[in-house]
Each structure stands twice: as C-alpha cells, then as structure tokens.
Amino acid sequence: MSTTPVVPLPSYLSFSGHPSSQDVELNNPAYLQLSHSVDKNLLKITTEITGTVNDILHDLLQHGDSAQKYMQGSKNVKVDNWILLDNVVQKSSIATGARNRALQRQSKRSKRHMSIKQHKKFGSFDLPQEFHNYDIFKPMHDKWKDYVTKLLKNIGKNQLSQCLLNADLHGALILVVQCKIAGLSGVRGIMIRETVETFGIITEDNKFQVVPKKLSVFMLQVDCWKVTLLGDKLSSRNMIT
C-alpha cells in the first residue's frame, strides 16, 4: 500500500486559501530590500527601547507621590512652583494701620500748608524790598494793641497765655528769646506775617526775618504783662483766616 506523500504548504498560504497577513508583510517590496541580519537588528533595538521605557515607568511607579504626579501629567506637577494668592503673607495690620495714618496726616498737612522748604522754593518768604521798612508797620502795631486790650478786658491773668495762644498776633511786638537758628535769637520786631511753621518779623533796622516756630521761644508784652510763648504750641494752634 502506497502512501501519499505529504506536501508541505508554502508559508504564504493559509488553509482558507488566502495568504496570512504576516506573510504578506514579509513579501512587501519594502521588506524585500532588507537583509535578514538588518531585520534582526531592528527587532533587537526595538526590544531594548521597550525594555528601557518599562524600567523607567516601573521606577516612577515605585514612588507614591511621584507616580501620582506622573499620572496627573506635567501641568499638574508644575503647580507646585506657583505662588498662590491665598498663601501671600499679609503685613502686620498694626504696621499697615500706622503707615496709612501717617500718609493721611501728611496728605492733610500738605493740603493745609507748605513746608519751609517749599516756601523757600516758591519764594513765599520773600518780601518786596519797598516793604523792608519798620515805620510802615507801626500803625499795624497800634491797631493790634487796641485789639488785644479789648480781647483781654474780661480775662484774668491765669487765662492770659491761653487767650494769646488763640489770638491773632499780626502787629504784635515780638522778641525771639530762643531759636534753633542761632543767628535769629534776639531778633525783635513787629510780626507782620504768620504761617503754620514761621513768624515773619520786620525789625527796627528794616530787616525782614523769617523765624521758625519749632523749638523757638517768643516773648511779647501786653499792657503791663510780659508773656512767654512756646513756638511748638503756636504751630498747632488754629490759624485765623
């Protein structure tokens, strides 16, 4: 009895009569140009890269927080470097309040008057030369004496200083007893101009002197009384407009 030899089917044929997808790829013209050794090398490189990637992922997934960040994506990881407004450290409320009050005082002060430096810059302290004459202001002094006499008519001696502290001193004969500017100590004359910080005095030798109130001591004579006034107190008094 003869046996029928089994003829192996070509690898590119399947039992259904159609070539397998693997064999089609192998017979593709693009693959036919590659040698068998090059094909093996490509497979080896691909395998090595896949293994390296798997090692990196495995290492990342071994560290809990890092793994979580990795899974969330790079954008979420960068959030750690942002400065959130909710985390900004607020300044001390006491320091902030003190600074605001100082700014408010400065703002009100600048609206009411100019500083000595500003007066000098804009020439506010200058007096035209034709008014550097003591005799011109003698009538002003006489009117002031009448004014203060009426003002103090019903005032006792103990209330004298407080009354003069609020009185209009334009025309008063004033002596500078003490001043932080040494050259102005001893100046005596009629006060013809007052600002919050200064007295403008015309002297008997026809000189106009601007004397700062701060740290100065003044003396004036009212009738038979000599009254001493502290410049620091005069700076805070209400100006008569």
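The sequence shown begins at 251 in my numbering and counts up one residue at a time.
By construction, the Cβ of each residue, glycine as well, lies at the ideal position given by its N, Cα and C atoms.
Extent of the continuous beta strand (DSSP E) to which residue i belongs
i, result
"residue 477", "475-480"
"residue 399", "Where residue 399 is concerned, there is no enclosing beta strand (DSSP E), although the alpha helix (DSSP H) it sits in stretches over 388-401."
"residue 423", "423-428"
"residue 542", "Because the chain spans 251 through 491 in this model, residue 542 falls outside it and cannot be assessed."
"residue 378", "Residue 378 -> no beta strand (DSSP E), and no H or E assigned at all."
"residue 439", "438-444"
"residue 451", "448-453"
Enclosing alpha helix (DSSP H) for residue i [first to last residue]
i, result
"residue 415", "410-415"
Buried versus exposed call for residue i [16 or more other C-beta atoms within 10 Å across all chains shown]
i, result
"residue 412", "exposed"
"residue 407", "exposed"
"residue 465", "exposed"
"residue 257", "Confidence in residue 257 is poor, its pLDDT being 49 and thus under 50, which makes the residue's placement unreliable; the coordinate value appears in the next sentence. Answer is exposed; the Cβ neighbour count stays below 16."
"residue 353", "exposed"
"residue 457", "exposed"
"residue 422", "buried"
"residue 445", "buried"
"residue 381", "exposed"
"residue 481", "buried"
"residue 405", "exposed"
"residue 327", "Low per-residue confidence applies at residue 327: pLDDT is 45, beneath 50, and the placement is therefore not dependable enough to give any value."
"residue 259", "At residue 259, the pLDDT of 48 sits below 50, so the modelled position is not reliable and the matter cannot be decided from this model."
"residue 306", "exposed"
"residue 383", "exposed"
Nearest-angstrom Cβ-Cβ length linking residue i and residue j, presumed shorter than 8 Å
i, j, result
"residue 424", "residue 390", "Rounded, the Cβ-Cβ distance is 13 Å, inconsistent with contact."
"residue 415", "residue 483", "6 Å"
"residue 460", "residue 448", "5 Å"
"residue 477", "residue 419", "No, residue 477 and residue 419 are not in contact; Cβ-Cβ is about 11 Å, not under 8 Å."
"residue 485", "residue 463", "5 Å"
Check: residue i C-beta below 8 Å from any heavy atom of the ligand PLP
i, result
"residue 396", "This structure lacks the ligand PLP, and indeed carries no ligand of any kind."
Minimum Cβ-Cβ distance from residue i to chain D less than 9 Å
i, result
"residue 481", "The structure shown contains no chain D; it holds only a single protein chain."
> Touching or not, the segment 375-390 and the segment 447-455, by the rule of three or more beta carbon pairs under 8 Å?
Replying inline: The segment 375-390 is in contact with the segment 447-455.
> Do the segment 396-414 and the segment 428-441 meet, that is, are 3 or more Cβ pairs less than 8 Å apart?
Replying inline: At 8 Å Cβ cutoff, the stretches do not touch.
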